[in-house]
Every structure is written in structure tokens, then in C-alpha cells.
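Protein chains: 2
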Amino acid sequence: MKEIASLMSYRPSIKVIDATLRDGGLVNDFYFTDEFVKALYLANLRAGVDYMEFGYKASTEMFDVNKFGKWKFCNDEDIRAVVGENATDLKIAVMADVGRCEKKDFLKRSESPIDLVRVATYLNTIPAAVDMIEDAANKGYEVSCNIMAISNAQEGDLRTALDILGQTPVDVFYIVDSFGALYPEQVARLTDIYVNAAEKYGKKVGIHAHNNQQLAFANTIEAVGDGVDWLDATYASMGRGAGNCAMELLLGFLRNPKYNFYPAVQFVDKYMNQLKKDGVVWGYDLQYLMTGLLNQHPRTAIQFTKDGRDDYTEFYREVVALD
Amino acid sequence: MKEIASLMSYRPSIKVIDATLRDGGLVNDFYFTDEFVKALYLANLRAGVDYMEFGYKASTEMFDVNKFGKWKFCNDEDIRAVVGENATDLKIAVMADVGRCEKKDFLKRSESPIDLVRVATYLNTIPAAVDMIEDAANKGYEVSCNIMAISNAQEGDLRTALDILGQTPVDVFYIVDSFGALYPEQVARLTDIYVNAAEKYGKKVGIHAHNNQQLAFANTIEAVGDGVDWLDATYASMGRGAGNCAMELLLGFLRNPKYNFYPAVQFVDKYMNQLKKDGVVWGYDLQYLMTGLLNQHPRTAIQFTKDGRDDYTEFYREVVALD
Numbered sequence: 027m028k029e030i031a032s033l034m035s036y037r038p039s040i041k042v043i044d045a046t047l048r049d050g051g052l053v054n055d056f057y058f059t060d061e062f063v064k065a066l067y068l069a070n071l072r073a074g075v076d077y078m079e080f081g082y083k084a085s086t087e088m089f090d091v092n093k094f095g096k097w098k099f100c101n102d103e104d105i106r107a108v109v110g111e112n113a114t115d116l117k118i119a120v121m122a123d124v125g126r127c128e129k130k131d132f133l134k135r136s137e138s139p140i141d142l143v144r145v146a147t148y149l150n151t152i153p154a155a156v157d158m159i160e161d162a163a164n165k166g167y168e169v170s171c172n173i174m175a176i177s178n179a180q181e182g183d184l185r186t187a188l189d190i191l192g193q194t195p196v197d198v199f200y201i202v203d204s205f206g207a208l209y210p211e212q213v214a215r216l217t218d219i220y221v222n223a224a225e226k227y228g229k230k231v232g233i234h235a236h237n238n239q240q241l242a243f244a245n246t247i248e249a250v251g252d253g254v255d256w257l258d259a260t261y262a263s264m265g266r267g268a269g270n271c272a273m274e275l276l277l278g279f280l281r282n283p284k285y286n287f288y289p290a291v292q293f294v295d296k297y298m299n300q301l302k303k304d305g306v307v308w309g310y311d312l313q314y315l316m317t318g319l320l321n322q323h324p325r326t327a328i329q330f331t332k333d334g335r336d337d338y339t340e341f342y343r344e345v346v347a348l349d
Numbered sequence: 027m028k029e030i031a032s033l034m035s036y037r038p039s040i041k042v043i044d045a046t047l048r049d050g051g052l053v054n055d056f057y058f059t060d061e062f063v064k065a066l067y068l069a070n071l072r073a074g075v076d077y078m079e080f081g082y083k084a085s086t087e088m089f090d091v092n093k094f095g096k097w098k099f100c101n102d103e104d105i106r107a108v109v110g111e112n113a114t115d116l117k118i119a120v121m122a123d124v125g126r127c128e129k130k131d132f133l134k135r136s137e138s139p140i141d142l143v144r145v146a147t148y149l150n151t152i153p154a155a156v157d158m159i160e161d162a163a164n165k166g167y168e169v170s171c172n173i174m175a176i177s178n179a180q181e182g183d184l185r186t187a188l189d190i191l192g193q194t195p196v197d198v199f200y201i202v203d204s205f206g207a208l209y210p211e212q213v214a215r216l217t218d219i220y221v222n223a224a225e226k227y228g229k230k231v232g233i234h235a236h237n238n239q240q241l242a243f244a245n246t247i248e249a250v251g252d253g254v255d256w257l258d259a260t261y262a263s264m265g266r267g268a269g270n271c272a273m274e275l276l277l278g279f280l281r282n283p284k285y286n287f288y289p290a291v292q293f294v295d296k297y298m299n300q301l302k303k304d305g306v307v308w309g310y311d312l313q314y315l316m317t318g319l320l321n322q323h324p325r326t327a328i329q330f331t332k333d334g335r336d337d338y339t340e341f342y343r344e345v346v347a348l349d
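What follows is the structure in C-alpha cells.
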């Protein structure tokens with residue numbers, strides 16, 4: 027039985043983060059139309075979403091700006107073209123992928139439309155993540171640290187990482203189930219580790235789930251019940267491979283009257299379903315279940331999808347052989 | 027933390043029930059080819075499934091045999107044509123829908139290929155269900171009682187019903203989330219009521235989930251952790267509306283080496299995906315999320331699907347108005 031056992035009360039500390047452009051951008055190389063992005067911003071405002079992640083702030087020295095849409099790079103002026111001075115309650119986030127971005131691309135917060143920098147890292151790049159976190163915090167940003175591929179982590183390494191991060195100015199520790207491999211019971215155990223460390227250091231905990239086993243929403247609400255406050259979601263689950271926790275499911279579940287389900291429905295109806303009709307492919311399917319079950323990176327399943335293959339049985343033989 | 031907390035052990039008392047023909051038959055009016063049914067039987071054998079539900083034993087006086095495939099009626103000779111003498115560990119089940127079937131259609135178990143009769147009832151038809159249960163038990167069958175639409179039940183009524191059923195020869199009490207309205211936390215609470223009653227009367231507990239909120243699998247494994255032993259699933263989630271807990275997800279999760287994931291993949295690959303290509307439509311979509319969220323029967327969402335509508339926003343206005 028969980029803390030919010032009645033399902034009728036709510037925790038005001040809960041925050042909803044829309045990651046549609048960022049994780050969804052991995053599906054379509056960040057080629058969203060300006061109309062789409064503007065409509066998404068307005069939908070988030072109406073739905074009561076707390077943060078909107080615009081994309082990555084990727085290094086233009088490492089990545090060719092001609093091969094990706096602008097939200098892989100998230101120039102401040104591109105964000106301003108959508109949000110203006112953003113005199114709203116909706117905060118703006120970008121992702122800083124450790125080793126693929128540069129500190130010089132981040133202005134001071136007072137000069138930028140960005141509020142939150144989400145530092146994405148693997149456990150073995152924690153020192154570089156700490157460097158990014160300190161830089162972002164010094165510039166005045168809110169900062170989260172999103173530890174990816176957590177289903178492959180050794181518990182001892184994770185505890186050490188959280189102790190290191192606890193001593194930085196980071197605000198939020200994130201559980202990131204990159205492979206969609208976790209069951210709710212495992213989320214409960216991981217959450218216990220994260221929440222204990224967060225309480226020790228005065229931090230918050232977030233979760234970013236993937237839907238390989240149709241558990242992204244279930245794992246997210248399991249985490250809510252266990253004390254996780256920051257919840258990532260994407261409209262129509264748009265995100266890499268099997269996608270993420272669906273915003274419309276999450277908003278339907280949350281009881282805080284600040285959140286509104288209907289604007290989410292309207293956005294999915296008009297914009298996300300159109301993307302699907304236009305041939306953009308993401309979401310739960312057998313190949314993603316297989317890599318999730320095997321706790322593997324979804325890259326083989328994504329390639330299978332891109333190649334238009336439908337020989338699932340043969341694919342399973344291939345991925346089992348990778349183990 | 028759940029009973030099977032390690033996720034590495036298993037409970038030998040767990041049973042997996044394939045409901046593809048029965049709940050999936052509600053999607054295509056039970057028009058499965060003989061080849062499909064034979065292949066399903068073989069897949070279940072290879073996957074280690076414990077029970078295969080062939081369909082309903084519907085009254086031929088109430089339903090026109092020319093308007094449905096044969097698995098709405100499940101004549102013993104039709105089952106025998108698939109399973110022969112069924113000298114296997116896979117047991118055969120049919121559903122007896124209270125008020126829509128007749129006791130005279132059930133032979134003695136010794137004369138029938140059927141092992142298990144699943145009596146489906148609403149709370150307000152429990153006395154008629156008891157009558158069916160006693161008849162089936164007297165004829166030698168294993169019997170379950172599947173209490174439908176449990177998300178609308180008053181807890182007091184449910185306790186009374188379980189006390190009545192406890193005094194019958196029924197073997198299994200079933201939690202049936204017909205509307206796909208339950209969250210895992212609610213499943214945990216319901217399971218507590220069912221398991222306590224089951225222990226009092228020496229019965230087992232089962233769960234049949236629907237996927238309106240992408241929680242069919244999550245609710246099923248929540249229930250497993252809470253002591254539920256009988257688990258319904260269907261290949262590729264095929265079932266009414268948003269469908270059910272996917273067999274391939276469930277077999278991937280269960281740790282008992284008697285269960286095999288690969289035959290399930292092969293069957294989905296070859297047969298279920300073909301059904302989809304042939305235009306049979308089921309599975310999670312926004313209209314089912316809406317009726318699930320509102321705890322309504324999915325009939326309006328099914329009609330929306332059948333009509334080929336895609337105006338989800340308008341549909342939400344319609345179903346909210348039904349509340």
C-alpha cells in the first residue's frame with residue numbers, strides 16, 4: 027500500500043516534465059515543425075505541465091547541424107521564438123548529454139529562456155557529469171542528473187554515484203530505465219535507494235521510463251507511490267524505440283486539479299496522430315519487448331524497425347545470441 | 027515489496043490461462059480458422075500454458091449459430107477435432123456466461139474434453155452463478171467464478187458475494203477488470219479482499235485484466251506479487267476493446283522454467299500479426315483509455331473503433347457526458 031493510498035489525495039511536490047521534443051526527437055531526428063512545437067507549448071500550458079524539455083544542447087562541433095532539426099541543439103533564440111519571455115508557470119528544460127555538449131553553449135540563466143539543465147550520464151561518466159552540474163548550477167540553472175541505463179548498474183556503484191552527486195548542487199536525481207527492462211518491483215527497490223540518498227542530501231528524485239514491456243506508465247506510478255516527485259512523460263508515448271510513459275495516461279492518473287487531461291487529448295488527437303499518419307514510427311512492439319526482456323540497449327530493435335523487418339522470430343534469435 | 031521479491035524464485039501454484047479464442051473472439055465474432063486454432067493449441071503446449079479457453083458455451087437458442095464462429099458455442103466435438111483425446115498437460119476451459127448459456131449443454135466431464143468451466147457473472151447475478159457452479163461441479167468439472175466489472179463493485183457487496191461463493195464447490199475466485207479501470211494500487215487492495223476470502227474457504231484467486239490504461243500486464247504482475255495464482259493472458263493482447271494482458275509479456279516475466287517465451291513469439295509472429303494485417307482491430311488506443319479512466323463499459327469505444335472514427339476529442343466529450 028502506497029503513500030498516496032487513497033488515490034484521492036495528491037502531493038503538491040509532484041512535477042510533470044514533458045519530454046516529447048527531446049526523447050521523441052530521437053525518432054525523427056528532431057524535425058518537428060514550428061507549428062507543432064508552438065502547439066505543444068500551448069498544450070503543456072493548458073495541461074498544467076511543469077517543465078517542457080525542448081531537446082538536447084548538442085555540440086555543433088560534434089554534430090552536423092544540417093543533419094538534424096534544430097531541437098538537437100536548442101539555441102536560446104530558437105526557444106525564444108516559441109516562448110518569448112515565457113511569462114508563464116511552465117518552465118523550460120534542455121538536456122546536456124555528457125561528452126556530447128559544451129559548457130560554453132550555456133549562457134547565464136538570467137540571459138537565457140532555459141530554467142532547468144538535465145545532465146544525462148552513464149555511471150562511468152559521473153565525474154564529467156559533476157563538472158557539467160557545477161557549471162550549470164553556477165550559471166543559476168536548476169539542475170537534474172539523469173543516470174541512464176540504470177537496469178545495468180551495480181547497486182554499490184549506484185550508491186557511490188548518489189553520494190558523489192549528493193555533494194554537488196544538483197537538485198534532482200533521476201532514475202532512467204533506458205532499456206525498458208525494469209519491473210515495478212525493481213523500480214520500488216531502486217526508488218528506495220534513490221529516495222534514501224535524496225533525503226540525506228536534500229535532493230528530489232525523478233523517473234524516466236521506457237515502454238518496452240508496456241510498463242512505462244506502471245513503473246512511473248509505482249515510483250510516485252514510493253516517493254518519486256519528478257515524472258517524465260511524452261504525448262502518445264513518443265520516444266526512442268518503444269517510447270515513454272504517455273502524458274495522457276499520467277495526467278489522467280494524477281489527482282492534483284492543476285493537471286488537465288483534456289488538452290492532452292486534444293494535442294494527441296490533432297498532432298501526435300498526424301505524425302503517425304505521416305509515417306513516423308515509435309511505440310511498443312515485439313522487438314522492443316525482446317530487448318527490454320534481455321536488458322539490452324534498444325539499438326538493434328530500432329534498426330529492425332527502420333529496416334521495415336517483420337521477422338520477429340528471427341530477430342529474437344539474433345538478440346539472444348548477443349547476450 | 028512483494029512475496030516473490032527476488033524475481034528469481036517462482037511459485038509452482040501459478041497457472042497461466044490462454045483466453046485468446048474467448049476474449050479475442052469478441053473482436054472477430056469467433057471466426058478463427060481451424061489452422062489458427064490448431065496452431066494456438068500447439069503453441070500453448072510448447073509454451074507451457076496450463077489452460078486453454080476455447081470460447082463460450084453460449085445458448086444456441088439465444089444466439090444464431092449462423093452469425094458467429096463455432097467458438098461462441100464450443101461444441102464438445104469441435105474441441106475434440108482440435109485436441110483429440112488431449113493426452114497432454116494442457117487443460118481445456120470454456121466460459122459459461124450466466125444467463126446466456128444452458129446447463130443441458132454441459133455433458134459430464136468424463137464424457138467431455140473440457141476440464142474447467144469458467145462461470146462469468148456480475149455481482150447481481152450471483153445466485154444464478156451459484157446454480158451454474160454447482161451444476162458444473164456436480165458433473166465433475168473444475169470451476170472458476172469470474173466476477174465481472176469489479177471496478178464498479180461496492181466492497182460490502184463483494185465481500186458478501188465471496189462469502190456466498192466460498193460455500194460452493196467453486197475452485198477459483200476471479201478478479202475481472204472488465205473496464206480496464208483499475209490501477210495497480212487498487213488491484214492490491216482488491217486482491218487483499220479476495221485472498222483473505224479464498225484462504226478462509228480453501229479457494230484460489232485469479233485475475234483477468236484489460237489494457238485500457240496500458241496496465242493489463244502491470245496489474246497482473248501486481249496481483250501475482252500479492253498472492254494471485256491464476257493469470258489470464260492472450261497472445262498479442264487480443265481481446266475486447268483494448269485487449270488483455272499479453273501472453274508474451276507474461277511468459278517473459280514468469281520464472282518457472284516450465285514456461286517458454288519463444289513459442290509465444292513464434293505464434294504472435296506468424297498468426298497474430300497476420301490477423302492484424304487482415305484488418306482485425308484491437309488493442310490500446312485513446313478511446314479505450316477514456317472509457318477506462320471514466321470507469322465505463324468499453325462499448326462506446328468499441329463502436330467508435332468499428333465506425334472507423336478518429337475524432338478522439340469529440341468522443342471524449344461524448345463519453346464524459348455519459349457520466
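Residue numbers (my numbering), protein chains in the order written: chain A, 27 to 349; chain B, 27 to 349.
Beta carbons: idealized from backbone N, C-alpha and C, even for Gly.
Just so we're clear, the structure is a prediction, and the values are computed from it rather than from any experiment.
Around the Cβ of Gly-396 (chain B), are there at least 16 other Cβ atoms within 10 angstroms (buried) or fewer (exposed)?
The requested residue 396 (chain B) does not occur in the structure, where chain B is confined to residues 27 to 349.
Opening and closing residue of the beta strand (DSSP E) in which Asp-44 (chain B) lies:
41-44
Below-8 Å beta-carbon distance, Leu-276 (chain A) vs any chain B residue
no
Grouping DSSP H, G and I as helix and E and B as strand, with all else coil, what is Ser-170 (chain A)?
strand
Within 10 angstroms of its Cβ, does Gln-300 (chain A) collect 16 or more other Cβ (buried), or is it exposed?
exposed
Please tell me whether Tyr-314 (chain A) and Asn-238 (chain A) are closer than 8 Å, where the distance is taken between their beta carbons.
yes
The beta strand (DSSP E) enclosing Phe-58 (chain B), as first and last residue numbers
Taken as a continuous stretch (DSSP letters only), Phe-58 (chain B) belongs to no beta strand (DSSP E), as it is neither H nor E.
Please classify Ile-190 (chain A): does DSSP put it in a helix, a strand, or coil?
helix
So, using beta-carbon positions, are His-234 (chain A) and Asn-286 (chain A) closer together than 8 Å?
no
Can you grab the Cα-Cα spacing for the pair Phe-199 (chain B) / Leu-208 (chain A), in whole Å?
30 Å
Using only CA atoms, which one of A:Ala-65, A:Asp-123 and A:Val-75 lies nearest to Lys-83 (chain A)?
A:Asp-123
Residues bridged to Gly-50 (chain B) [DSSP beta-bridge criterion]
BP columns for Gly-50 (chain B) are empty, so no partner.
Can you tell me whether Asp-349 (chain A) is buried or exposed? The criterion is at least 16 other CB atoms within 10 Å of its CB, across all chains shown.
exposed
Helix, strand or coil: how does DSSP classify Phe-2 (chain B) here?
Residue 2 (chain B) falls outside the range modelled here, since chain B spans only 27 to 349, and no answer is possible.
Nearest-angstrom Cα separation, counted from Gln-193 (chain A) out to Lys-41 (chain A)
23 Å
Whether or not the segment 42-56 of chain A and the segment 301-311 of chain A are in contact is what I'm after, with contact meaning three or more pairs of Cβ atoms, one per stretch, closer than 8 Å; do they touch?
yes
Could you please give me the residues that DSSP links to Arg-144 (chain B) through a beta bridge?
B:Met-121 and B:Ser-170
Identify whether Val-231 (chain B) lies in helix, strand or coil by the three-state DSSP scheme.
strand
Give every residue of the same chain whose Cβ lies closer than 8 Å to the Cβ of Phe-205 (chain A), excluding the five residues on either side of it in the sequence, and list them in chain order.
Ala-175, Ser-177, Asn-178, His-236, Asn-238, Thr-317, Gly-318, Asn-321, Gln-322, His-323 and Pro-324
Residues, ordered as in the chain, of the segment 239-258 of chain B that lie near chain A by beta-carbon distance below 9 Å:
Gln-239, Gln-240, Leu-241, Ala-242, Phe-243, Ala-244, Asn-245, Ile-247, Glu-248 and Gly-251
I'd like the list of long-range same chain contacts for Gly-334 (chain B), defined as Cβ closer than 8 Å, with 5 residues on each side in sequence excluded.
none
I want to verify the contact list: residues of chain B whose CB lies under 9 Å from the CB of Gly-312 (chain A), in sequence order.
Sequence check: residue 312 (chain A) is Leu here, not Gly. In chain order: Ala-262, Glu-274, Val-291, Val-294, Asp-295 and Asn-299.
Nearest to Ile-152 (chain A) by alpha carbon, out of A:Ser-138, A:Asp-189, A:Lys-117 and A:Lys-165?
A:Asp-189
Of the choices B:Leu-312, B:Lys-98 and B:Ala-249, whose alpha-carbon is the least far from that of Arg-215 (chain B)?
B:Ala-249
Using the Cβ count rule (16 or more neighbours within 10 Å means buried), how would you classify Glu-79 (chain A)?
buried
What's the gap between the Cα of Val-143 (chain A) and the Cα of Ala-163 (chain A)?
9 Å
I want to see whether chain A comes within less than 8 Å of Leu-216 (chain B), judged by CB atoms only; does it?
no
Please state if the CB of Leu-312 (chain B) and the CB of Val-294 (chain A) are separated by a distance shorter than 8 Å.
yes
Tell whether a beta-carbon distance below 8 Å holds between Tyr-57 (chain B) and Gly-95 (chain B).
yes
Assign Thr-217 (chain A) to one of three DSSP states: helix, strand, or coil.
helix
Which of helix, strand or coil does DSSP assign to Trp-256 (chain B)?
strand
Might you give, ordered along the chain, the residues of its own chain that have their beta carbon closer than 7 Å to the beta carbon of Glu-103 (chain B), omitting 5 neighbours on each side?
none
Contacts that Pro-324 (chain B) makes with chain A (C-beta to C-beta distance below 8 Å)
The contacting residues do not exist; Pro-324 (chain B) stays about 15 Å from chain A at best.
Looking only at C-alpha atoms, which of B:Thr-186, B:Gln-292, B:Ile-328 and B:Tyr-338 sits nearest to Ala-69 (chain B)?
B:Gln-292
Is Tyr-200 (chain A) helix, strand or coil by DSSP?
strand
Whole-angstrom Cβ separation of Ala-73 (chain B) and Ala-290 (chain B), contact assumed at under 8 Å?
5 Å
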